[in-house]
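Keeping their order, the protein sequence lines are chains F and X. Sequence positions in the first sequence follow numbering that gives the first Met the number 0 and run 0 to 379. Sequence positions in the second sequence follow numbering that gives the first Met the number 0 and run 0 to 379. Please read the structure below before turning to the comments.
Protein chains: 2
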Amino acid sequence: MLAAPKISSFNPPRRILMGPGPSDVYPEVLAAQSKPTIGHLDPLFVAMMDELKALIQYAFQTENAMTLAVSAPGSAGMETCFVNLVEAGEKVIVCRNGVFGERMRQNVERVGATPVMVDNPWGEPVNVDDVEAALKAHPDAKFLAFVHAETSTGALSDAKQLCALAQQHDCLTIVDAVTSLGGVELKVDEWGIDAIYSGSQKCLSCVPGISPVSFSPKAVAKLAARTTPVQSWFLDQSLVMGYWSGDQATGGKRSYHHTAPVNALYALHESLRLLAEEGLENAWQRHAQMHQELRQGLTELGLDFVVDEQSRLPQLNAVYIPEGVDDAAVRSELLNRYNLEIGAGLGALAGKAWRIGLMGFGARRENVALCLKALQDVLK
Amino acid sequence: MLAAPKISSFNPPRRILMGPGPSDVYPEVLAAQSKPTIGHLDPLFVAMMDELKALIQYAFQTENAMTLAVSAPGSAGMETCFVNLVEAGEKVIVCRNGVFGERMRQNVERVGATPVMVDNPWGEPVNVDDVEAALKAHPDAKFLAFVHAETSTGALSDAKQLCALAQQHDCLTIVDAVTSLGGVELKVDEWGIDAIYSGSQKCLSCVPGISPVSFSPKAVAKLAARTTPVQSWFLDQSLVMGYWSGDQATGGKRSYHHTAPVNALYALHESLRLLAEEGLENAWQRHAQMHQELRQGLTELGLDFVVDEQSRLPQLNAVYIPEGVDDAAVRSELLNRYNLEIGAGLGALAGKAWRIGLMGFGARRENVALCLKALQDVLK
């Protein structure tokens with residue numbers, strides 16, 4: 000027998016999470032998550048799932064029947080959309096203005112489909128004219144895929160206009176709302192989004208690990224019309240829905256697919272309940288307000304934003320690291336002296352920018368004040 | 000705007016979970032899980048991940064460097080093994096003696112490989128002679144895949160002997176240890192298992208949603224020698240290991256892949272720490288002992304086991320429903336009157352058997368006593 004390692008219980012410090020996510024989790028959510036585990040087929044649990052579905056529908060502003068939480072992080076939510084909807088040989092127009100557009104491309108390739116890339120510089124929103132040109136140049140494209148709020152740069156793209164364009168060209172839309180959901184305006188039905196995914200750990204201020212997803216009736220029809228099986232068993236929504244909504248073949252009885260992450264779903268239920276209690280528009284307004292206060296302070300500190308004002312995300316503030324300043328040293332000092340986490344740059348912005356998150360429960364004045372004062376002290 | 004649903008916080012009852020999983024979660028694990036969320040790249044979090052890796056290695060009894068927790072349930076752990084190791088066109092011998100062998104077949108087909116099925120009746124262990132015959136008949140097979148402990152029937156297969164056979168025939172082994180890990184003897188290195196996955200929610204008594212996985216050096220070499228990309232981006236272990244162990248290209252620096260389910264990993268760390276503290280052999284012994292006490296009581300109640308004594312899992316006791324007894328009514332009464340959950344039959348045993356779990360923290364004398372008395376009362 001290999002010997003048992005001698006390891007103590009882990010006691011994490013109390014950080015203030017102002018990076019690109021995970022964000023500070025609501026205390027109520029941590030409490031909800033530690034309630035007693037019950038079975039994933041317990042009648043009380045499946046009733047909770049019905050409520051959870053209604054809460055996800057509200058957050059997405061959709062009446063889509065196929066609305067649920069994927070039992071894995073946002074990256075799996077992304078993959079859920081691509082593997083269920085896109086078939087080998089199909090063409091997908093993919094907008095890339097940061098890390099997550101590139102990840103979409105990799106997803107398209109891994110299902111054996113053909114990505115047509117629309118590239119925009121990092122820090123800029125997706126260029127609507129370029130997308131229109133691509134749609135015209137590729138009339139055989141079946142999908143338009145883009146990131147609503149690019150977490151790697153802090154740029155917000157015009158999802159409404161992009162979806163309208165896609166509809167004109169008979170394309171279904173696949174939209175990354177990982178960082179946008181709960182932080183900025185997002186209206187799935189009104190804008191005509193066909194497939195959308197998000198994450199629990201950004202503006203919902205839930206624990207990381209779960210991905211809300213919704214498919215429009217058109218997306219469901221595309222899934223139903225597949226001629227090949229979905230390449231992922233775990234993410235196959237035609238199977239998963241047998242658990243989330245009941246199986247028509249069994250008279251609506253819920254069928255076992257995989258064991259749901261029971262406690263994580265308690266947490267998501269509570270975080271979305273808090274969002275519904277605050278009201279979506281109030282939450283959007285709060286994020287905008289806190290962003291203005293942070294922006295003013297950062298500007299006074301002489302820090303420049305990566306993204307132009309009109310496309311700037313309130314919840315993800317990317318600022319250039321001043322010349323001569325040691326990126327890692329500053330972040331370490333913030334973490335070690337103030338228990339404050341801000342995010343490093345990612346991809347093309349690695350070493351060049353910091354990413355300061357104001358997400359969900361984290362979008363509060365006390366956080367803004369702490370962040371500004373700590374940065375001021377450390378940059379002195 | 001669609002209106003916000005009026006929904007209250009969810010307050011689950013305190014159940015006693017004696018089904019096929021999730022099992023009763025250790026109170027210490029629920030407490031660990033609700034500790035403050037910190038960043039997935041926080042130096043203290045990555046140090047915790049190193050401990051977690053050592054704890055998973057201990058539980059599996061392996062020194063495999065590629066040992067980690069997949070950020071999703073056991074079904075995703077299964078898919079991780081198949082999509083990383085098996086390539087299109089390859090042949091996989093799959094043993095099927097319950098639901099999960101069938102799920103393995105579906106995984107093999109979805110990577111475009113060819114399953115060769117070795118079927119055994121439900122309730123029986125995998126037949127070693129049949130496997131040997133299949134290995135001889137298919138010298139071009141690259142893998143042998145089987146379920147160590149079939150959760151759908153309660154049958155334990157001889158993993159040691161099956162792995163020895165596979166090695167004689169130059170096959171890599173893929174082993175489902177979802178229900179076996181922590182409940183019965185399992186020695187990955189000594190038995191020569193090449194790829195193994197488990198779940199958090201069975202004999203580890205952790206919250207559901209995470210899957211410990213380990214690949215042998217031979218499996219890692221097979222992954223490295225792939226000529227095609229892994230079809231899942233989310234489960235691609237060549238990418239995931241950049242986060243879990245650091246990227247050699249960046250001098251060992253951990254690279255972002257996806258946001259880890261931070262709090263769920265706190266929970267897994269604590270549950271495996273409790274297992275290490277008890278000691279694997281003591282835990283195996285406790286499961287065996289509690290099973291004997293339950294078995295005696297069930298036999299006194301006139302209930303017959305589905306599985307023969309020599310292949311019976313201590314942690315999953317499948318018994319036939321007596322003739323004339325209403326399956327659903329009994330389970331409802333146990334749940335509503337005693338807060339006791341036992342499992343329904345699955346697949347071929349649906350409506351014919353109950354599955355009584357004695358897993359991890361649930362394998363305690365007080366649970367055995369409660370279950371026997373409640374069953375006695377309800378069956379009266």
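Built from N, CA and C at the ideal position, the CB exists for glycine as well. Quick caveat, the model's predicted, so the values are computed rather than measured.
| Item | Value |
| --- | --- |
| Got a sec? Which residues, its chain only, sit under 8 angstroms from V110/F by beta carbon, not counting five neighbours each side? | F81, V82, V85, E86, A87 and Q230 |
| Which runs of the alpha helix (DSSP H) spanning at least 4 residues fall entirely within the stretch 162-225 of chain F, listed in chain order? | 187-190 and 216-223 |
| If the cut-off is 9 angstroms on Cβ atoms, which residues from the stretch 229-258 of chain X count as contacting chain F, listed in chain order? | V229, Q230, S231, W232, F233, L234, D235, Y255, H256, H257 and T258 |
| From the beta carbon of V24/F, is the nearest beta carbon of chain X less than 8 angstroms away? | yes |
| Residues of chain X with a CB under 7 angstroms from the CB of Q314/F: which are they? | The premise fails here: Q314/F is roughly 15 angstroms from chain X at the closest Cβ pair, so nothing lies under 7 angstroms. |
| Using a C-beta cutoff of 8 angstroms, does L54/F count as contacting chain X? | yes |
| Around the C-beta of M77/F, are 16 or more other C-beta atoms found within 10 angstroms, so that it is buried, or is it exposed? | buried |
| Using beta-carbon positions only, say whether S22/F and F304/F come within less than 8 angstroms of one another. | no |
| Just grab the DSSP bridge partners of K90/X for me. | T113/X |
| Buried or exposed: which applies to S74/F, given that a residue is buried once 16 or more other Cβ atoms fall within 10 Å of its Cβ? | buried |
| Flag V261/X as yes if its beta-carbon sits less than 8 angstroms from any beta-carbon of chain F, otherwise no. | yes |
| For A347/F, decide whether its Cβ has a neighbour in chain X, counting only Cβ atoms nearer than 8 angstroms. | no |
| What residue range is occupied by the uninterrupted beta strand (DSSP E) comprising F233/F? | Premise fails: F233/F is in no beta strand (DSSP E) and is neither H nor E. |
| Can you tell me whether T227/X is buried or exposed? The criterion is at least 16 other CB atoms within 10 Å of its CB, across all chains shown. | exposed |
| Whose Cβ in chain F lies nearer than 7 angstroms to the Cβ of V174/X? | Result: empty, since nearest Cβ-Cβ is about 18 angstroms, beyond 7 angstroms. |
| For G342/F and A148/F, what's the separation of their Cα atoms in angstroms? | 16 angstroms |
| In terms of alpha-carbon separation, which member of T298/X, L371/X, A218/X and H286/X lies closest to S179/X? | H286/X |
| Can you find the residues in the same chain that come closer than 8 angstroms, C-beta to C-beta, to N262/F, ignoring five residues on each side of it along the sequence? | Q32, S33, K34 and T36 |
| With distances taken Cα to Cα, identify the nearest neighbour of G208/F among S199/F, Q309/F and A328/F. | S199/F |
| Under 8 angstroms, do V187/X and F59/X count as touching if we go by C-beta distance? | yes |
| Give the straight-line distance between the Cα atoms of G350/F and C94/F, rounded to the nearest whole angstrom. | 24 angstroms |
| Output needed for M116/F: all residues of its chain with C-beta closer than 6 angstroms, excluding positions within five of it in sequence on either side, in chain order. | V93 and R95 |
| Quick one: does Y265/F have its CB under 8 angstroms from some CB of chain X? | yes |
| So V146/X is in the alpha helix (DSSP H); what residue range does that whole segment cover? | Note, V146/X: premise wrong, no alpha helix (DSSP H); beta strand (DSSP E) at F142 to V146. |
| Grab me the residues of K159/F's own chain with a C-beta within less than 6 angstroms of its C-beta, minus the 5 sequence neighbours each way, in chain order. | W190 |
| What are the residues that DSSP puts in a beta bridge with F304/X? | V318/X |
| So, for V239/X: in the same chain, excluding its five sequence neighbours on each side, which residues have a beta-carbon less than 6 angstroms away from its beta-carbon? | H256 |
| Between the stretch 92-116 of chain F and chain X, which residues of the former have CB atoms less than 9 angstroms from a CB of the latter, in chain order? | V98, R102, Q105, N106, E108, R109, V110 and G111 |
| Please report the distance separating the alpha-carbon of D193/F from that of E277/F. | 27 angstroms |
| Counting C-beta neighbours from all protein chains within 10 Å, is the total for T79/F 16 or more, i.e. buried, or is it exposed? | buried |
| Tell me the rounded alpha-carbon separation between G323/F and F145/F. | 35 angstroms |
| Give me, in chain order, the residues of the same chain whose beta-carbon lies closer than 8 angstroms to that of E292/F; leave out the 5 immediate sequence neighbours on both sides. | R364 and V367 |
| Got a sec: is the Cβ-Cβ distance from M47/X to anything in chain F below 8 angstroms? | yes |
| In the structure shown, what three-state DSSP assignment does I55/F receive? | helix |
| Checking contacts by CB at 8 angstroms: is Y57/F closer than that to chain X? | yes |
| Within 8 angstroms of any Cβ in chain X, is that where the Cβ of D41/F sits? | yes |
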